[in-house]
Structures are given as C-alpha cells and as structure tokens.
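Q:
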Amino acid sequence: MSATTSNSRRLCNGRGQVIPGPTLPEAVKMGPHAIRIVVGGLGEGELSTATTVHGPERASSSSAPPEMASAALPEAVAPKKKGNVRFAFACAILASMTSILLGYDIGVMSGASLYIKKDFNISDGKVEVLMGILNLYSLIGSFAAGRTSDWIGRRYTIVFAAVIFFAGAFLMGFAVNYAMLMFGRFVAGIGVGYALMIAPVYTAEVSPASARGFLTSFPEVFINFGILLGYVSNYAFSRLPLNLGWRIMLGIGAAPSVLLALMVLGMPESPRWLVMKGRLADAKVVLEKTSDTAEEAAERLADIKAAAGIPEELDGDVVTVPKRGSGNEKRVWKELILSPTPAMRRILLSGIGIHFFQQASGIDSVVLYSPRVFKSAGITDDKHLLGTTCAVGVTKTLFILVATFFLDRVGRRPLLLSSTGGMILSLIGLGAGLTVVGQHPDAKIPWAIGLSIASTLAYVAFFSIGLGPITWVYSSEIFPLQVRALGCSLGVAANRVTSGVISMTFLSLSKAITIGGSFFLYSGIAALAWVFFYTYLPETRGRTLEEMSKLFGDTAAASESDEPAKEKKKVEMAATN
Numbered sequence: 003m004s005a006t007t008s009n010s011r012r013l014c015n016g017r018g019q020v021i022p023g024p025t026l027p028e029a030v031k032m033g034p035h036a037i038r039i040v041v042g043g044l045g046e047g048e049l050s051t052a053t054t055v056h057g058p059e060r061a062s063s064s065s066a067p068p069e070m071a072s073a074a075l076p077e078a079v080a081p082k083k084k085g086n087v088r089f090a091f092a093c094a095i096l097a098s099m100t101s102i103l104l105g106y107d108i109g110v111m112s113g114a115s116l117y118i119k120k121d122f123n124i125s126d127g128k129v130e131v132l133m134g135i136l137n138l139y140s141l142i143g144s145f146a147a148g149r150t151s152d153w154i155g156r157r158y159t160i161v162f163a164a165v166i167f168f169a170g171a172f173l174m175g176f177a178v179n180y181a182m183l184m185f186g187r188f189v190a191g192i193g194v195g196y197a198l199m200i201a202p203v204y205t206a207e208v209s210p211a212s213a214r215g216f217l218t219s220f221p222e223v224f225i226n227f228g229i230l231l232g233y234v235s236n237y238a239f240s241r242l243p244l245n246l247g248w249r250i251m252l253g254i255g256a257a258p259s260v261l262l263a264l265m266v267l268g269m270p271e272s273p274r275w276l277v278m279k280g281r282l283a284d285a286k287v288v289l290e291k292t293s294d295t296a297e298e299a300a301e302r303l304a305d306i307k308a309a310a311g312i313p314e315e316l317d318g319d320v321v322t323v324p325k326r327g328s329g330n331e332k333r334v335w336k337e338l339i340l341s342p343t344p345a346m347r348r349i350l351l352s353g354i355g356i357h358f359f360q361q362a363s364g365i366d367s368v369v370l371y372s373p374r375v376f377k378s379a380g381i382t383d384d385k386h387l388l389g390t391t392c393a394v395g396v397t398k399t400l401f402i403l404v405a406t407f408f409l410d411r412v413g414r415r416p417l418l419l420s421s422t423g424g425m426i427l428s429l430i431g432l433g434a435g436l437t438v439v440g441q442h443p444d445a446k447i448p449w450a451i452g453l454s455i456a457s458t459l460a461y462v463a464f465f466s467i468g469l470g471p472i473t474w475v476y477s478s479e480i481f482p483l484q485v486r487a488l489g490c491s492l493g494v495a496a497n498r499v500t501s502g503v504i505s506m507t508f509l510s511l512s513k514a515i516t517i518g519g520s521f522f523l524y525s526g527i528a529a530l531a532w533v534f535f536y537t538y539l540p541e542t543r544g545r546t547l548e549e550m551s552k553l554f555g556d557t558a559a560a561s562e563s564d565e566p567a568k569e570k571k572k573v574e575m576a577a578t579n
C-alpha cells in the first residue's frame, strides 16, 4: 500500500488551539488513564479532532460523518456530574447527622457526671455505670435496626431513631432521681443503637464508589461534632445552679433530634433497599442522581440486581423479587454466622475486629473522663478543666475533617496503620506523664503536665485521622448486600459492648493499676490492633460494594489480576464503536 496514514492526532478546543498529546490509538494501548489525558480539561461541546491523512485514504477519512469521530471516543471519559456528587453529599450529611446524638451524649456526660455525682450524692461505681450503660442499651437498638431497616426502609429507620432519642433526652432532662435518669439512659441508648447502625449503611449504599470513603466518614465527623457540642454545653451551663445545670445539659440534646427527623423526610430511599423490594424504577431514579455518570448508574443497578438475586433479564418499574427460600432470615444467619464460607468468615472477623480495637484502645476513657484525666495531670479548677476538655473536642473535630479528604485519595490501610501507630506513641506518652504526676502528688511538675496534655491532644488527633472514621467506613462497605444489615448490626454491637466495658471499668482500673498504668495497658492493646490491621485487612478504596467479596478468600487474587484485562477490553470495545 503506497499511501500511509499518519499516527499524529491533534486535539483542538473551541478557540482553535492545538493541545499536544498521544494519539487515540496510542492511548487505547496505554490504557484508560492515557485516554483521560488525551481529552482531559476540554469542556463539553468544545472537543473536536483533526487527523492528518496522506494518500487515497484522505478522501474516505474526510468524508466520514462527524458523529463517527465522537463515537470513537470511549464512554469511559464521560465527564462526572458535579450535581450528582452534591446530591449524594447532601444525602450523606442528613443521614450522618444522626451520629450527633451519640457524640453529644458522650461529650455532655463527661462534664454533667461531675454535677450529677454531687446532686444525687452517688459513688464512683454508680457514675461508671451511668456513663457506660448507654453503650450496652444501644445493643438493643443496633440489633433491632437491622430488621427494622429491611422492613420499613433506611430513611424511616433514621426518623425512628431520632424520635426514640428525643424521648430519652426528655426523660434525662427531667429526671428527679438516679433511677429515672437510668431509665432515660435506657431509652436514649436504643435510639443511639439505631443511629449508629443505620447512618453508615445508608450513606454507603447511596454513595458512588469514587466518593464512598469521603461520604461514609461523615458519621464519625458528626460524632466528633456532637462531642464538641457536648463539651461546649458543659462549659456554657456550668455556672447555673447545681440542680439545674446538668438537667439543661442533658435535656437540650432533644433539640437536634426533632430537626433531624423533619429534614430526613426530604431524603431519597436507599437504592439497594428499593431493589430488594423490587422497585427498580425508583432505584434507577436515585442511582441516576447519585452516580458520577449514567453508565455507572446502569452498572450499579445491574450489580445490585445480581446481589439481590434478581435475574438480569427481569426488568420493569416494579418486579417480584425471587425468593431464595422459605427461611430467608435463617439463610442470612447461616451464611454469616452458623456456617460461613472462609471468605465470609474473614469479612465477619474484619468487621467485628476493627470495631473492637477502635474502642479497646481507650478512646472512651479519654473522651468521657477527660476532666478526670486533666485533674490527675494537675489541673484542679472546674472552669479550667472544662475549658481544656473543649480543646480535646476542637482537636477531634478538626482532624476528622482532615481525614475525610484523604480516605479516597490515600486509601484505608495507610491511614489506618499510621493512625494506630501514632495512637500507640501518644498513649505511652500520656501514661508516662500521668505516672510522673502521680508519683509527686504534692508538687507540680510542669513538663509532666505539659506531656500529659500534649499526649491527650495527639492521641485524639491520631484517632480522628484514621481509626475513628475508617472503622465505620470499612465495616459498612465490606459486607455483601444480603447480609449487610445483620453484619453491620454485629459490628455496632461489638463496638458498643467494648465501649461499655471500657467506660464502666476505667475508674476501677485506675484505682487498681494507677491511671498511668491504664493508658500503658491501652497502648499494648493498640499495638495488637496495628498487627491485626496490617495482616488481616485488605485495601477497599475504589471498589464498588458488590466487588468487596472478591477481596476476601481464595478468589481475591484471581479477581484482582483480571481487573486490568477487563478494563483494557472495555476500553478497546468502546474505541472501536
């Protein structure tokens, strides 16, 4: 063939400026990232191509209709819909606001307990129970939330959680004795259990894979924001009369729940729940609003249908979801707990393990008892105690905001391992500082006091930048659809039981092995956590929820190795259309 075709392709914008870069055939060989480089930065409607052709082929090439040139561009380069990301962002914020309820309770009880002890004249043992019992009560809510959310939907479960917490906060605010206060804690605990389970599940199910880590970290963001509000409430109402101040601190927590219940009604339902109920048309609408591209929305719908057991050819606005058996609930328990596959067992242990270590490393001892910790460090004035405690809340909130921007850029594992390593060092420093202060009760040692305060702030900062948010992100995304509600409930249960044990034993543990020894113990547990995370938890960044099971078990390596080939084949098919 005498004529040759030039390999040079030029990309021009609307102003006629030539943008150098690889040719489209070269980009196809190089992979999808190179194709994005070829077309990156050009606005919609501005992209035009000019191919230099020599010889007889010039005429045939020039006569090709313009739509053929655009068809040659692969669908993989379709621009993201920024409006969709904003919509998913708004949904995640509204759902995650339920976590404020737990955060506020944690923060406000750290200061209110000081005044409750004086008002009701109760012992340290009763204070421990009062502080930690809500975590055990929340088990009822977390287990009930799984069935409730599968029955009435994720959205109305969030409303139900807000209503229950409102009742609990109202009872605590008007408590006239210790028994009534404990009953209020019981009711509020059920609401907290509902909120802790449903917020990350809904957020993970509505988020596109590209931003799921960022959006699913919102529950932890709002827990920290709630803790800060609780600390500020302590400081603001600490000057009120003894029998009035702590009641306002606790009762005012009912206000956010009312606002939350009203705002959540404007949210869409989870697309995965809609598919489970056979409402495909409604699910399509939600997916189109929350996906980066139309193609991603179609792929997510197909994946969810497959996970729910709906045949690919079965389509329509409302379809009948095939029953997999008469005992669906028994099947879920069998798949996850009674006789799981090795891959499912690893998923379950990963979800429960990360929740256990999040709390066993002592975060509640620092957050709930921070006034006592600072008092042990040498700060005796109540106003200064509560003011320093507010610094803990500010630090936690600032660093959790930093973490949200790195989850989908850096990945889960690097943040988790670096966070846990920093926590280990901080706990050792805190234990050393408190030990030195405890050995010299009649003298103030400035460097030991400074070390204790700095180590406390460093500890909550490292916790908030990794282990805090990643626990909820990771556990909400690894469970397969059919067992997700139960799996997340078990994770929350492990989290709350561990938190309850830690918070109800800290004062007794401090008396037994000293307060400094307690934090040395927590540092040892954190070291075990680092080993567990390093050896057991795979990276999940960028995976869809339906792809998670491929990361666990014998098929993980094979499926991962197939990804580049599948992606290359997809790009080549798109480029030849």
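Taking our numbering, the leading residue of the sequence shown gets 3, the next gets one more, and so forth. C-beta: ideal position from N, C-alpha, C; glycine also.
1) What alpha helix (DSSP H) runs, 4 residues minimum, are completely inside the stretch 491-546?
2) Quick one, are the C-beta atoms of Phe-122 and Val-260 less than 8 angstroms apart?
3) Assign Ser-219 to buried or exposed, taking buried as 16 or more other Cβ atoms, counted over all protein chains shown, within 10 Å of its Cβ.
4) Quick check on this structure: which residue in Asp-305, Leu-282, Glu-207 and Leu-351 has the alpha carbon closest to the alpha carbon of Thr-292?
5) Alpha carbon to alpha carbon, what distance is there between Leu-427 and Thr-205?
6) Under three-state DSSP, which class holds Asp-317?
7) Relative to the C-alpha of Ser-520, which residue among Ile-192, Lys-279, Ala-310 and Ser-367 is closest?
8) Tell me whether His-442 sits in a helix, a strand or coil according to DSSP, three-state version.
9) When the distance is taken between beta carbons, is Arg-187 closer than 8 angstroms to Ile-142?
10) Is it right to say Thr-322 is buried, meaning 16 or more other beta carbons lie within 10 angstroms of its own, or is it exposed?
11) Is Ser-525 buried or exposed, if buried means 16 or more other CB atoms sit within 10 Å of its CB?
12) Nearest CA to the CA of Ser-512: which residue from Arg-157, Arg-374 and Ala-531?
13) Kindly list the residues whose CB is nearer than 6 angstroms to the CB of Phe-145, restricted to its own chain and excluding five residues on each side of it in sequence; keep chain order.
14) For Tyr-106, which residues from the same chain have a beta carbon less than 6 angstroms from its beta carbon, with the 5 sequence-adjacent residues on both sides left out?
15) Just to confirm before moving on: does the CB-CB distance between Arg-281 and Glu-479 stay below 8 angstroms?
16) Identify the continuous alpha helix (DSSP H) that holds Gly-247 and give its terminal residues.
17) Below 8 angstroms, how does it come out for the stretch 495-511 and the stretch 244-252: are there three or more Cβ pairs, yes or no?
18) When you compare each of Arg-486, Gly-195, Ala-308 and Asp-294 to Ala-598 by their alpha carbons, which one comes out closest?
19) To the nearest angstrom, how far is the alpha carbon of Ala-263 from that of Ala-164?
20) For Val-320, which residues from the same chain have a beta carbon less than 8 angstroms from its beta carbon, with the 5 sequence-adjacent residues on both sides left out?
21) Between which two residues does the alpha helix (DSSP H) holding Asn-137 run?
22) Just confirm the distance between the C-beta atoms of Gly-2 and Ser-378, as a whole number of angstroms; I'd bet it's less than 8 angstroms.
23) Tell me whether Asn-236 sits in a helix, a strand or coil according to DSSP, three-state version.
24) Output the distance between the C-alpha atoms of Phe-176 and Ile-124, rounded to the nearest integer angstrom.
25) Quick one: Cα of Thr-25 to Cα of Ala-296, how far?
26) Could you check how far apart the C-beta atoms of Leu-436 and Gly-364 are, in whole angstroms? I think they sit under 8 angstroms.
27) My output table needs one value for Phe-176: the three-state DSSP class, helix, strand or coil.
28) Could you work out which residue in Ile-381, Leu-553 and Ser-115 is closest to Pro-344 when comparing CA atoms only?
29) Taking the beta carbon of His-357 as the centre, do at least 16 other beta carbons fall within 10 Å, making it buried, or is it exposed?
30) Any heavy atom of the ligand COA inside 7 angstroms of the beta-carbon of Ala-308?
31) I'd like the span of the alpha helix (DSSP H) that includes Phe-465, first residue to last.
32) Just checking my contact of Pro-273 with Leu-252 at CB under 8 angstroms: how many whole Å lie between their CB atoms?
33) Nearest CA to the CA of Glu-222: which residue from Ile-455, Ile-154, Met-199 and Leu-183?
34) Provide the residue span of the alpha helix (DSSP H) that contains Val-336, from first to last.
35) I'd like the list of long-range same chain contacts for Leu-388, defined as Cβ closer than 8 angstroms, with 5 residues on each side in sequence excluded.
36) Among the residues of its own chain, which have a CB less than 8 angstroms from the CB of Phe-407, if the five just before and after it don't count?
A: Considering the structure as presented:
1) 517-538
2) no
3) buried
4) Glu-207
5) 33 angstroms
6) coil
7) Ser-367
8) coil
9) no
10) exposed
11) buried
12) Arg-374
13) Ser-491
14) Gly-228, Leu-231, Gly-232 and Gly-255
15) no
16) 244-253
17) no
18) In the structure as shown, the chain begins at 3 and stops at 579. Residue 598 is therefore absent and cannot be evaluated.
19) 6 angstroms
20) Gly-280, Arg-281, Leu-282 and Ala-283
21) 126-154
22) Nothing can be reported for residue 2, as the shown portion of the chain is limited to 3 through 579.
23) helix
24) 18 angstroms
25) Annotation note: pLDDT 49 at Thr-25 (below 50); position unreliable, coordinate value reported separately. So the alpha carbons of these two residues sit roughly 26 angstroms apart.
26) About 13 angstroms; that fails the 8 angstroms criterion.
27) coil
28) Leu-553
29) buried
30) Among the components of this structure there are no ligands whatsoever, and the ligand COA is therefore not found.
31) 448-467
32) In fact, because the Cβ distance is near 38 angstroms, the residues do not count as touching under 8 angstroms.
33) Met-199
34) Per the sequence presented here, residue 336 reads as Lys, with Val not at that position. Where Lys-336 is concerned, there is no enclosing alpha helix (DSSP H), given that its DSSP letter is neither H nor E.
35) Gly-113, Tyr-233, Asn-236, Tyr-237, Ser-240 and Pro-373
36) Phe-216
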